[in-house]
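Encoded as structure tokens, the structure appears first; notes follow it.
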Amino acid sequence: MKRIALFGGTFNPPHLGHMLMAQEALYTFELDEVWFLPVGRPPHKSDHDLESNQDRLDMLLASIDGQKSFHISTVEFEREGRSYTIDTVHLLKEMYPTHHFSFLIGGDMIDYLPKWERINELLKLVPFIGVSRPGAKSQSSYAQYVKQFDMVQVDISSSSIRKRVKEGKPITYMVRDRVESIIKERGLYGS
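Residues in the sequence shown are numbered from 16 upward in steps of one, following the numbering used here.
Listed below in structure tokens is the structure:
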């Protein structure tokens, strides 16, 4: 039985903070793999600054290149309409009945869990693991359901990268070299 953490997000763009978080979860929880789940149409974000599925997939492939324990599942791209984690987890458990899944989230998402679609049902299907935020204690009653772990703090966000690209500032050392090349070559984020 493979132990797999599902790591969902827009990955718009994927950055080194995402990769570090996946790496630390992999080793902290002795997982076999981390599966990145790029969302097709997120329920909580507008699509106006979301790059195409293909662009985000290509950047994610470039980000995980060389890491044999990282994989990508495009199941959310293949569904119509908004992507809800509960539907994705049901589908993956049906497709891979012998795998043991958990769901990886950033520390900032712990307080957002009460707003997730059918969260109580989801908590029965998969355990959640998330990054502890130094000096911050979650206000959510759902924090008790998240196995938290510490990692080196990296203050990088996809939104800050998009802003830097738009302003013509460098993003080297925030994303892998090939991701930066894709952004420049394709004129993503107003580059």
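A virtual CB, placed ideally from N, CA and C, is assigned to each residue, including glycine.
Under 8 Å between C-beta atoms of Ala37 and Phe85 = Yes; because the gap between Cβ atoms is below 8 Å, this pair is in contact.
Can you give the Cα-Cα distance for Ser206 and Lys181, rounded to whole angstroms?
-> 6 Å
Within 10 angstroms of its Cβ, does Pro112 collect 16 or more other Cβ (buried), or is it exposed?
-> exposed
Which residues bound the alpha helix (DSSP H) around Ile134?
-> DSSP places Ile134 in the uninterrupted alpha helix (DSSP H) bounded by Ile134 to Leu140.
Can you check DSSP and say which residues form a bridge with Ala20?
-> Val49 and Ser117
Buried versus exposed, by CB contacts within 10 Å (16 or more), Val167 | exposed
What is the rounded straight-line gap between the Cα of Thr89 and the Cα of Lys17?
-> Their backbone Cα atoms lie some 19 Å apart in a straight line.
Where does the unbroken beta strand (DSSP E) through Ile198 begin, and where does it stop?
-> Element bounds for Ile198: not the beta strand (DSSP E) but the alpha helix (DSSP H), Asp192 to Arg201.
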